[in-house]
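Single-structure report; data block below.
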Amino acid sequence: MINMEPKHFLCAVNDGVATISLDHPERKNPLSFDSYAELRDWFRALVYCEDVKAVVFAPNGGNFSSGGDVHDIIGPLTRMSMKELLEFTRMTGDLVKAIVNCGKPVIAAIDGVCVGAGAIIAMASDLRIATPEAKTAFLFTRVGLAGCDMGACAILPRIIGQGRAAELLYTGRSMSAEEGANWGFHNKVVPADKLLEEAQAWAVRIVAGPNFGHMMTKTMLAQEWSMSIEQAIEAEAQAQAICMQTADFTRAYEAFVNKEKPLFEGD
Numbered sequence: 205m206i207n208m209e210p211k212h213f214l215c216a217v218n219d220g221v222a223t224i225s226l227d228h229p230e231r232k233n234p235l236s237f238d239s240y241a242e243l244r245d246w247f248r249a250l251v252y253c254e255d256v257k258a259v260v261f262a263p264n265g266g267n268f269s270s271g272g273d274v275h276d277i278i279g280p281l282t283r284m285s286m287k288e289l290l291e292f293t294r295m296t297g298d299l300v301k302a303i304v305n306c307g308k309p310v311i312a313a314i315d316g317v318c319v320g321a322g323a324i325i326a327m328a329s330d331l332r333i334a335t336p337e338a339k340t341a342f343l344f345t346r347v348g349l350a351g352c353d354m355g356a357c358a359i360l361p362r363i364i365g366q367g368r369a370a371e372l373l374y375t376g377r378s379m380s381a382e383e384g385a386n387w388g389f390h391n392k393v394v395p396a397d398k399l400l401e402e403a404q405a406w407a408v409r410i411v412a413g414p415n416f417g418h419m420m421t422k423t424m425l426a427q428e429w430s431m432s433i434e435q436a437i438e439a440e441a442q443a444q445a446i447c448m449q450t451a452d453f454t455r456a457y458e459a460f461v462n463k464e465k466p467l468f469e470g471d
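The numbers in the sequence shown follow our numbering, run straight up by one, and end at 471.
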């Protein structure tokens, strides 16, 4: 069973939508060792949770996340052994894997600062809605590291293109909300006072759809990155044949015949 009362981030579930956010607005919501691990475990458990059908990763206090905490994470990393460092970097990568493989659509609602690992969480989400004040930056080179962190060199170019991704990953500069929208990183830009309302409305709309079908869509979006076109077409044929055996497919047909709106139940 998924933990609806985590210790290191906020979580509320209503009508199948889990709204989560980091819980240190006074410091622009940095990630700690504990919050990384708990988020990883929470998204892993989400695969088996029938009560949650979509996730909104929300800001808190006007900011999304300032990334890894300078004092709680970056300082201790400078004193770790290679083995300990690899354990940490694999753990942070496992958070991205958990988001991608959780089986539920994830919407990032981005406001204010969204940098470092915070930008990675937004990148790993399925959909991104931002405010005009959102500033997204992959800061890794700014702290003497490579831009290839937590899957950034694999995922970001697929969203905004190789050249644009290379610019952001080499320079560490901020991507404005306008750039993000023009480049396809943000699906929509809305005023700050409408952000959470809009993100949750998108989530509610998704939850009202065929949730087994959504799970298959998310699975195929992730798996087809490493497939040839021929393999992808065959994989989608199999996925669609499976969905055609669901009761939701039959309900949709019967509703169409009766000129009604289908009511999906996810089975």
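The beta carbon of each residue, even a glycine, is placed where N, CA and C say it ideally should be.
Remember, it's a predicted structure, so these values are computed and weren't measured experimentally.
Residues of its chain near I364, where Cβ-Cβ distance is below 7 Å and the 5 sequence neighbours each way are ignored
W387, G388 and F389
Does the contact criterion of 3 or more C-beta pairs under 8 Å hold for the region 346-353 versus the region 373-384?
Touching, per the Cβ criterion.
For V256 and A222, believed in contact at Cβ under 8 Å, the rounded distance
5 Å
Beta-carbon proximity check, D298 vs S236, cutoff 8 Å
no
So, helix, strand or coil for K392, using DSSP?
strand
Check for me: the beta strand (DSSP E) holding V179 runs from which residue to which?
Within the shown structure, residues of the chain are numbered from 205 to 471, placing residue 179 beyond reach of any answer.
To the nearest angstrom, report how far apart S239 and F213 are at their CA atoms.
7 Å
Using DSSP bridges, identify the partner residues of K339.
V317 and S380
Going by the CB atoms, is the gap between F344 and I314 shorter than 8 Å?
no
For Q444, which option in C215, A216, M419 and F468 has the closest C-alpha, if you only look at C-alpha atoms?
From the listed residues C215, A216, M419 and F468, the smallest Cα separation to Q444 is found for M419.
Starting from T293, follow the alpha helix (DSSP H) in both directions and report where the run begins and ends.
Per DSSP, the unbroken alpha helix (DSSP H) holding T293 starts and ends at M286 to V304.
Collapsed DSSP secondary structure at S225 in the structure displayed:
Three-state result, S225: strand.
C-beta atoms of E428 and A439 nearer than 8 Å
Yes; because the gap between Cβ atoms is below 8 Å, this pair is in contact.
Residues of its chain near G413, where Cβ-Cβ distance is below 8 Å and the 5 sequence neighbours each way are ignored:
F468
Roughly how many angstroms separate the alpha carbons of G470 and V347, rounded to a whole number?
Cα to Cα, G470 sits roughly 45 Å from V347.
Could you tell me which uninterrupted alpha helix (DSSP H) segments, each at least 4 residues in length, are contained entirely in the region 322-366, listed from first to last along the chain?
Restricting attention to alpha helix (DSSP H) runs no shorter than 4 residues, the region 322-366 encloses them at 356-364, ordered along the chain.
Determine the direct distance from the alpha carbon of D219 to that of D452, and round the result to whole angstroms.
19 Å
Quick one: is I433 buried, meaning 16 or more other Cβ sit within 10 Å of its Cβ, or exposed?
exposed
Alpha carbon to alpha carbon, how far is E464 from V274? Give it in angstroms, no decimals.
V274 and E464 have their C-alpha atoms some 55 Å from each other.
Relative to the C-alpha of N415, which residue among F292, A381, Q404 and P309 is closest?
Closest in C-alpha terms to N415, from the list F292, A381, Q404 and P309, comes P309.
Flag this pair as yes or no: are the beta carbons of G265 and P234 separated by less than 8 Å?
G265 places its beta carbon 8 Å or farther from that of P234.
If N391 sits next to R332, beta carbons under 8 Å apart, how far is it from one beta carbon to the other, in whole angstroms?
6 Å
Is G470 helix, strand or coil when you go by DSSP?
coil
For D227, which option in F261, F247 and V217 has the closest C-alpha, if you only look at C-alpha atoms?
F261
Once DSSP output is grouped into helix, strand and coil, what is the label at F213?
coil
Pull up the distance between the alpha-carbon of G320 and that of G271, whole angstroms please.
5 Å
Compare the beta carbon distance of K339 and C318 with 8 Å and say whether it is the shorter of the two.
yes
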